[in-house]
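Here the protein sequences come in this chain order: A and B. Residue numbering for the first sequence follows this note's numbering, starting at 9 and increasing by one per position. Residue numbering for the second sequence follows this note's numbering, starting at -1 and increasing by one per position. Below is one structure, written out as structure tokens; the observations come after it.
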Amino acid sequence: MKRIETSRRKFLQGSVALCVYATSSFSFTKQKSSRSTFENIPYLCNMCRNKCAGFAQVIDNKVEKLNPNKYFPKSRNMLCPKGNAGIDALYDKDRLKYPLLRIGKRGDGRYKRVTWDEANEYIKDKLVKIIDEEKDNRSTIAYCNGEGFNKDEYIKFFGSKVGSSNFLDEGSICLNTKLGATQLTLGDIGEMDVSGSDYLIISGANRYESLITPDSVDMIHSKQKLIVLDPRCSVTALKADEYLPLNPGTDLAFCLSMIYISIKEKLYNEKYVKNYFKDFDKLEKHILKHNYTAKWAESKTHIPSKKIEQITKEFFSAQNPLYYLGRRSVWAQNDFQLRRAMVLINALAGSVNKKGGIIFGQPFIIQDEEINEPFYNASAGRFDLDGIVYGSQKGGSWLNFREKVINKMSPYPIRSMFIRKHNIMQNMPNISKTKKMLNMMDLVVVFDTMPSDTAMMADVILPECTYLEREDMVVSFNRLEPSLALRNKVVEPLYESKSMQDILKDLGKKLSKPLFEISLKYDEDLQDSIKEFGLENSFIDGGYDLAELYKNNVSMRNKKLIFKQFGEDIYNSLKTKGVWHPYIDQEKELYNNYYEYYPKEKRYYTVDRKYKVNCYLSKLKKYGFDPMPTWHSNYDFSLTDDSFRLITGRYITSTQTASTNNSMLRDFKEQNNVWINDKVADKLNIKEDDYIVLSSSINSIVIQAYPTNKIAPQVLWLAHGFGTSSEELTNAYGKGASDNLIIEDRFEKIYGCATMHETNITIRKL
Amino acid sequence: MANYGMAFDYKLCINCHACEVACKEENGIDLGAKNHRLWIQEDGKVEGDFWNLDRNKMNFMQMQCQECQDAPCLKACPNGAIYIDNNRIVRLYKERCDLTLACMKACPYEARYIDEKNHITDKCIFCADTRLSRGEVTTACQITCPSKLRYFGDLDDKESEISIVLKERTYFTLKSELGTKPKLFYLE
């Protein structure tokens, strides 16, 4: 017999008595036919980066319920709380409904409603002036887009067609070090096979509160031994077979010690190392020379040396061990080499291109549609990778970019920004600098679904429809169990919102000729071409029709593309099931709505591939950085007695700031609070819900305290996604505090990524 | 006609709240922490100091109406508003409820709340008004759960997955000493 105290969720702060159920209060009027229509439409979620598949239950053109889609190998027939709350994103009363033009000062939130044509006309007039003054240097326009579908289409417009070199995305504030480290070490970014691993070490990542599909789901359903290292006892740590609490930023010391022990005691897979490693001798010499023993690692990490030895031995004797590489990475200056060390540990165990390891697999390749790209002689190159060893040529380095712009160190001025699905006023450290950057612009245009903090800095706000109101281009997913999936349109766009493609089509039509005229004025090659081929031919053949890609709507483009490359049956599967993979008709229910997708023998655990494991990166050496993972004394975790290291994370019910206003999700977690070690809080007389001030070198925030034994004594943790400053987000405004107000803006120099966990904080009770 | 029950592989719960959101969306439950047909409750706590935590004393428990076969709420209602339906689910004649709250006081599991929109005491009814009425033998919480820890089905059908699971594994019920005979089972 078991006793459970059944006290209600009274511990949740405050009840939201006045809130009404969002969908039932929704007042969008529609003529009802006498008979209700009931549809089940397959779609792909967009509440976070995962793109899980679901079916939307639609009655009379209103979305009533979102349910999981059993056909998608990636999301394994589940929808998380955010996915379930997608209805409240669609019917959020605060959504952007019409194009808006700023009438007040930037940031004061005063806008007037305009027509789409008026908005586009305004953008055209401003851009013509800017680009003319910059003598056709299109790179004076910077454009950015956070994670999600359509990013590449957006790049095609502003990059390929309009001609700017300055694209920025979330990579440099998220995971580029991890991608780069895997690519440079193995020649591929790979994919981690969590489902096939029998021994899994997760260092810092929090797969049970920040869900990644299929990894999180596979962890629940697989029987592997799970080891979690974290300075905070997260839910992932709670559920682990072994939890190793450690000092923040010292994971690299743990990894180096694992490498040391494996080499010293010859635990590594000798056959694999012999066949695949390049410069193993250099690695061996380097690791042994530095004497990264378990005792040494204990002094850095606070993990007992015996435990480090035990874990290392278990890892290297497991059949299919996996050291999880993380997702959002970039905590500290050493992050690139931390991720490299993780890759090398997997490789030393032979866990590459093999079940349970880092696999290469065989993704479906979708051929790109061809577009005609104009060439602009005056368009200058990007500058944000100056001083960065590798960096992403695609998404650049946000902090380096912003620093150069605000200090007027860029080789040419950035005068305009087009911002889509990227809340830059909340998503990167030191918000005051982002504000300063936007205030320097002659034109800021924001595409969004919600009046975010960033939208409130725009001159023109263009209301985009949500993911449930549009079809997107077909996407290929995963490598081990590859599939195709399609986001079908569930309902028509509400209000005057439009899909990105429709927005760019009209904007392209408006801009094409006037911008062409400017090129004509400055570009001698174009002038020559006109002499030879005539004006109209030069315009068309030169690719200056900016709306070219969007002549056909997405639905028609998908049909043409999928028919041509994959055939009609696959197209039909994508339209009716949202998904296609070769074994979709043979899916087997293993138990309780949990399915097997690819039969085990058909999964791409191992593929025929020539590759090397690169231990030594000589380019790094050339630029004065460590060619191999190395510990430096400035990585040591040492703080003065009265200060704390700030680390950040997520609640399972929020995704950055995109879901911050969602009424359903706010019902679970209305605001963030700061985790502080209970004994430390006791000493400082800080009690639960006391207001405390957190101060870094750049700013302060006020936040309520949550004293707990589940966090290390000199560490503070708070969830990202709160403390919004836009008053238009009426559910979110004034609730909780924003981490990026106080996180100091530093970036590492290998990939130009913001190092999010290096800020020291002092605290004061209010 | 069935005898519906639910079994929880409760140790697999990661407290993600998907079940709670799915339930609220499916059944149109008002927002607010006190309004819910189901909730996840932390049972026990993590003890010790940070470097030596004992994590084994804490579990996430799935809480909702236990579908008692001898339901105290049914006996307590002065208006005879509570009945057992064809699928052996404890239900409410909404028009007979005048919020005496006797059922709420009688329920040892605190499974009911006041539905202010409809002026009734509401609780989990296994999605009887939505999914079951459409002929689907699923509940919103069960189908969405990432852990797939909720087994739902007909206890009288020996071939049903829940019957098989209950035959193969050991389980407990909550507050079994009260003799309410819950039809919700927690799998060990």
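Each residue gets a CB set at the ideal place from its N, CA and C atoms; glycine is no exception.
If you check the CB distance, LEU654 (chain A) and ILE758 (chain A) do not come in under 7 Å. Nearest neighbour of LYS585 (chain A) by Cα position, chosen from A:THR45, A:ALA64, A:PHE46, turns out to be A:ALA64. According to the DSSP assignment, TRP406 (chain A) belongs to the alpha helix (DSSP H) that extends over 406 to 414.
For GLY46 (chain B), the chain A residues whose C-beta falls within less than 9 Å of its own C-beta are ASN717, listed in chain order. DSSP assignment within the region 662 to 701 of chain A yields the following whole alpha helix (DSSP H) runs of 4 residues or more, N-terminal first: 671 to 674, 686 to 691. Per the coordinates, the alpha-carbon of ASP259 (chain A) lies some 7 Å from the alpha-carbon of LEU346 (chain A). Taking a C-beta distance under 7 Å as the contact criterion, ALA386 (chain A) and LYS134 (chain A) do not qualify as a contact pair. For ILE82 (chain B), the nearest beta carbon of chain A is not closer than 7 Å to its own beta carbon. Approximately 7 Å separates the beta-carbon atoms of ASP343 (chain A) and CYS761 (chain A); this is inside 8 Å, confirming the contact. In the DSSP assignment, ASN435 (chain A) falls within the alpha helix (DSSP H) that extends over 432 to 435.
With fewer than 16 neighbouring CB atoms inside 10 Å of its own CB, ARG121 (chain A) falls in the exposed class. Within the region 684 to 707 of chain A, contact with chain B at the beta-carbon level (separation under 9 Å) is assigned to ASN685, ASP686, LYS687. Sequence-distant partners of TYR624 (chain A) (beyond 5 residues in either direction) whose C-beta falls short of 8 Å from its own C-beta, in its chain, are LYS286, ASP287, LYS290, LEU291, PRO635, MET636.
Of all alpha-carbon atoms in A:ASP675, A:GLU752, A:VAL710, the one lying nearest the alpha-carbon of LYS32 (chain B) is that of A:ASP675. With the criterion set as a beta carbon lying under 7 Å from some beta carbon of chain B, the members of the region 83 to 95 of chain A are MET86, LEU87, CYS88, PRO89, ASN92, ALA93, ILE95, in sequence order.
ILE422 (chain A) is not a Cβ neighbour of GLU199 (chain A), given a cutoff of 7 Å. With a 10 Å radius around the Cβ and a threshold of 16 neighbouring Cβ atoms, TRP49 (chain B) comes out exposed. Restricting attention to A:GLU377, A:TYR284, A:GLU752, the CA atom closest to the CA of SER705 (chain A) is found in A:GLU752. Residues of chain B with a Cβ closer than 7 Å to the Cβ of PRO721 (chain A) are, in chain order, PHE48. The beta carbons of TYR475 (chain A) and ASN54 (chain A) sit closer together than 7 Å.
In the DSSP assignment, PHE323 (chain A) falls within the unbroken alpha helix (DSSP H) covering 313 to 325. Within 10 angstroms of the beta-carbon of LYS282 (chain A) lie fewer than 16 other beta-carbons, which makes it exposed. Residues of chain A whose Cβ lies closer than 8 Å to the Cβ of HIS15 (chain B) are, in chain order, PRO89, ILE660, THR661, PHE676. Of the residues assessed, GLN594 (chain A) falls on the exposed side of the cut-off, its CB having fewer than 16 other CB atoms within 10 angstroms. For the region 226 to 250 of chain A, the set of residues with a beta-carbon nearer than 7 Å to any beta-carbon of chain B comprises ILE228, CYS241, VAL243, LEU246, LYS247, in chain order.
Residue pairing by DSSP places CYS139 (chain B) in no beta bridge whatsoever. Within chain A, not a single residue places a beta-carbon under 8 Å from that of LYS103 (chain B); the smallest gap is close to 13 Å.
Between the beta-carbon of ASN354 (chain A) and that of TYR331 (chain A) there is about 5 Å, and that keeps the pair under the 8 Å contact cut. Neighbours of TYR602 (chain A) in chain B, taken as residues whose beta carbon is under 8 Å from its own, are LYS146 in chain order. Bridge pairing for ASP52 (chain B): B:GLU45 [DSSP].
In the three-state DSSP reduction, SER651 (chain A) falls in the strand class (E or B).
Residue ranges of uninterrupted beta strand (DSSP E) with 3 or more members, entirely inside the region 67 to 105 of chain B and ordered along the chain, are 80 to 82, 88 to 90. From the listed residues A:HIS640, A:ASN438, A:LEU237, A:SER527, the smallest Cα separation to ALA720 (chain A) is found for A:LEU237.
Interface criterion met: the Cβ of LYS73 (chain A) is under 7 Å from a Cβ in chain B. In terms of CA proximity to GLU411 (chain A), A:GLY395 leads the group A:LYS559, A:TYR99, A:GLY395, A:GLY195. Near chain B, meaning a CB-to-CB distance below 9 Å, no residue of the region 727 to 752 of chain A qualifies.
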